[in-house]
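Single-structure report; data block below.
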Amino acid sequence: MFRLPAPVHHLPHNLHRRRHAAPRPDLHLNQEELVEIRAAQRTFEGAYFRTSISLFTFSLIILKVFTVEFYPIGALFASYGAVIMGISAYRRSESNRQFYIVEDKEENELPEGDRSRKRVFRTSGNTVIVCAGTSFLAYCVLIILVLRLDVEPKVPEHPSKALKQLAHAIALGST
0 MFRLPAPVHH
10 LPHNLHRRRH
20 AAPRPDLHLN
30 QEELVEIRAA
40 QRTFEGAYFR
50 TSISLFTFSL
60 IILKVFTVEF
70 YPIGALFASY
80 GAVIMGISAY
90 RRSESNRQFY
100 IVEDKEENEL
110 PEGDRSRKRV
120 FRTSGNTVIV
130 CAGTSFLAYC
140 VLIILVLRLD
150 VEPKVPEHPS
160 KALKQLAHAI
170 ALGST
């Protein structure tokens, strides 16, 4: 059974592992703002990252399960996943800049009650356009790759020879 390591209390304070990010002295967020940041991270950052992971997984399944004819399709999904992963990194940096960088220093130095309650939310329209274009391009290439697949099943010229080889392989496996 997996057990968590026991906490280490005998180390000096400066050698303990950090359990959370160091607080920034210039950033004072209330509970509502923290909840908003967490929700935005789950929604905007996590969705792109989860999509890229699922695309990588799908490409790996195609590359491992199917034959050589399907390798270009697996490579297409792997590259599509890499592009979405790049978009995820860009969206994360945009989100961090939106929530953590305060452009108006005077507003940040005001008491919490005097600060403006609403931050300006910048939509991710550019990111959505890039995702839509990438998806459209990837699925057009996918249609082309599927249409180029060989539809005729490959049947051996001498079925009896293939059956003999199969029987021989089974006989070797049973001994």
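FYI, numbering that gives the first Met the number 0 numbers position 95 of the sequence shown as 94, with every residue one higher than the one before it. Yeah, the Cβ is synthetic: ideal placement off N, Cα and C, and Gly gets one too.
(message) Three or more C-beta pairs under 8 angstroms: does that hold for the region 56–64 against the region 38–48?
(response) no
(request) Measure the CB-CB distance between residue 80 and residue 54 and report whether it falls below 8 angstroms. (result) yes
(request) Report all residues from its chain with a CB closer than 6 angstroms to the CB of residue 127; omit the five preceding and five following residues, and keep chain order. (result) none
(request) Express the C-alpha separation of residue 75 and residue 140 in angstroms, rounding to a whole number. (result) 8 angstroms
(message) Among the candidates 72, 70, 68, 91, whose CA atom is the shortest distance from the CA of residue 38?
(response) 91
(request) Have a look at residue 29 and residue 94 and give me their C-alpha separation to the nearest angstrom. (result) 18 angstroms
(request) Look at the Cβ atom of residue 72, then the Cβ atom of residue 144, and state whether they are nearer than 8 angstroms. (result) yes
(request) With DSSP collapsed to three states, give me the class of residue 125. (result) helix
(message) In this structure, how does DSSP classify residue 131 when only helix, strand and coil are distinguished?
(response) helix
(request) Would you mind stating whether residue 51 and residue 78 have Cβ atoms separated by less than 8 angstroms? (result) no
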